[in-house]
Structures are given as structure tokens and as C-alpha cells.
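Just so we're aligned, residue 43 is where the sequence shown starts under the working numbering, counting upward by one.
Don't be surprised by glycine CBs; every beta carbon is placed ideally from N, CA and C.
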Amino acid sequence: MADESKIPQYKKIYEILRKHILTGVYAEGSLLPSENELCAVHNITRPTVRQALEALVQEGFIRKKQGKGSIVRKPPQEIGILSISGTASAIGNQYLQTQILQKPQIKPWPDNFPFELSEIEIESGCIYMERLRLVDEQPVFYDINHIPNINLPRFSSRSFENKSLFETLRTQYQIEIKGGEQKLKAIRADQLIGQLLKLPVGEPVLNIERKLYTNREGFHIYSTIFFNSARHSIFGTF
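Quick look at the structure:
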């Protein structure tokens, strides 16, 4: 778990403002409090406030307008599985449900892994978990995650039901997604994927293999995703 005393001050303000935007405290088009107001409320300096606001700009939560301030942007309403901000940020927690099919479990890396692993990753093993993500109660994608078992205390004991993996990594372990690489191909749903995504066997499904880079040197997150694009399109940039 993250030591609160070691979290940069700007990150604390960023998390507060981000939460307020996502929960609707500040609606699309509204103004965030001014830099002076944020300084006064949180007893912080102007450079710290500006650093927090710049992080929100980079993630697309606000835009800055000269002479007006920080204007809230509506979070994208497409499935953000290609977005570094994550699906919960893209679609909104009020619409997204997460079912845990396999709780986090520490195990060796599988044979024939689609990405090259470092020696440290191989030696440390991985945390394996499976999730089914639903939008408006309809299954949209099934994902399999492999996370290096490196300095993630109590991770396997956490509950991820209806919770964001990226947000947990960011707030509890100070691990942020910074970009990544991915391989996409169309496949036909087998019996398991068809059952989970409520598709006929043989129906086309988008298969995505992802390697996500983080702010922790040498620490990557790997995902295998099966996406039902019948009702939703894909949003996001790397």
C-alpha cells in the first residue's frame, strides 16, 4: 500500500479533482476552482496546483482557456480499452460493471507468452486474474491480466469487483500507465468466449494482446482482451 507521506502533494490534489470530475461534482463545461482558490483550500503553492492541473489536461479531463480557467471535459463515452486512462475513466463507473472470474493468484508465467519478459519478471512470477467487463449489464469484453509479482504487497488479497485495476495501481501503489504496445487480430469466438460475451460460437471477436509501460522502471502490465464490438466502438490513443 502507498505511504501517504511519500505521495507528492500535486498527486493528492490531482486525485481529488479527478474524483470530483468523474463523480459529477463538476459537470462538463463547468469551471474548476481557480488556482488561487485551490491554493487556499489545500494550503499548497501555485506550482503544485499547476502540476496537478497539467496532469488533468494530459488525461483529457480538463482544458485550459486563457483568461477563463480550467474547463471540465466530458469523459469519452466509448470503450477505452486502447486508452491509457482505462475503461472506467472512458465509459464511467456508473455504466461499467466488473465481474472477477479469477481472483488475483500468484503463479509462474505461462509458456509461449506473447511478449518477451525480463529476467526479473520471470524470476518473480506473475499475478494472474481474469475479468468480465459489462456496460449497461451487457458483456463487452473478457480480459486476462498478467502483472509482475514485484513489490505489490497484499495485491492478491484485494477485491477488484466493480473496481478499476488502473486506479488501484495508481492510488495504492503509485504505478501509472504511461503507454504501451499491442497486437490486434480478428478471431472467431470459441465456446468459452461465446458463453462469456453472449455470442454465437464462430462470431468474429477482436483479440488484443497488450504490453503497458508504467512509471516504474522495468515494470509492465500484460493483458489479453477479447472484445465484443457489436454495440461499442473503441476509443483511445497511446
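C-beta contact flag for residue i and residue j at 9 angstroms
| i | j | result |
| --- | --- | --- |
| residue 141 | residue 174 | yes |
| residue 247 | residue 273 | no |
| residue 257 | residue 216 | yes |
| residue 235 | residue 194 | no |
| residue 218 | residue 226 | no |
| residue 157 | residue 262 | yes |
| residue 167 | residue 149 | yes |
| residue 106 | residue 99 | yes |
Those residues which DSSP pairs with residue i across a bridge
| i | result |
| --- | --- |
| residue 249 | 227, 268 |
| residue 174 | 141, 184 |
| residue 254 | 222, 263 |
| residue 149 | 168 |
| residue 189 | 169 |
Residue i, buried or exposed, once every other Cβ within 10 Å from all chains shown has been counted against 16
| i | result |
| --- | --- |
| residue 60 | buried |
| residue 87 | exposed |
| residue 264 | buried |
| residue 127 | Low per-residue confidence applies at residue 127: pLDDT is 49, beneath 50, and the placement is therefore not dependable, though the value from the model is reported in the following sentence. The residue is buried, with at least 16 neighbouring Cβ atoms inside 10 Å. |
| residue 76 | exposed |
| residue 136 | Confidence at residue 136 is low in this model, with a pLDDT of 49, below 50, so its placement is unreliable and the value that follows should be read with caution. So residue 136 ends up on the exposed side. |
| residue 293 | Residue 293 lies beyond the range of the chain shown here (43 to 280); nothing can be said about it. |
| residue 132 | Note that residue 132 scores a pLDDT of 49, beneath 50, so its modelled location is shaky and nothing firm can be said. |
| residue 252 | buried |
| residue 97 | buried |
| residue 191 | buried |
| residue 83 | exposed |
| residue 165 | exposed |
| residue 49 | exposed |
Candidates the options, of which the one nearest residue i by Cα
| i | options | result |
| --- | --- | --- |
| residue 254 | 236, 187, 96 | 187 |
| residue 64 | 181, 206, 157, 214 | 206 |
| residue 103 | 74, 156, 144, 199 | 74 |
| residue 160 | 185, 183, 189 | 189 |
| residue 244 | 251, 252, 233 | 233 |
| residue 198 | 172, 108, 228, 261 | 172 |
| residue 93 | 68, 72, 57, 70 | 57 |
| residue 143 | 223, 153, 201, 90 | 201 |
| residue 52 | 89, 72, 83 | 89 |
| residue 79 | 55, 69, 71, 149 | 55 |
| residue 182 | 99, 115, 139, 84 | 139 |
| residue 268 | 176, 203, 204, 192 | 176 |
| residue 204 | 179, 241, 152, 242 | 179 |
| residue 68 | 105, 114, 271, 241 | 114 |
| residue 162 | 50, 259, 270 | 259 |
| residue 185 | 99, 239, 95 | 239 |
| residue 266 | 241, 242, 224, 237 | 224 |
| residue 71 | 165, 271, 110 | 110 |
| residue 241 | 271, 82, 221, 95 | 271 |
Could I get the ranges of all uninterrupted beta strand (DSSP E) runs contained in the stretch 68-121, with 3 residues as the minimum, in chain order? If we require 3 residues or more, the beta strand (DSSP E) runs fully inside the stretch 68-121 come out as 104-107, 111-114.
At 4 residues or longer, what runs of the alpha helix (DSSP H) sit wholly inside the stretch 191-218? Correct list: 207-215.
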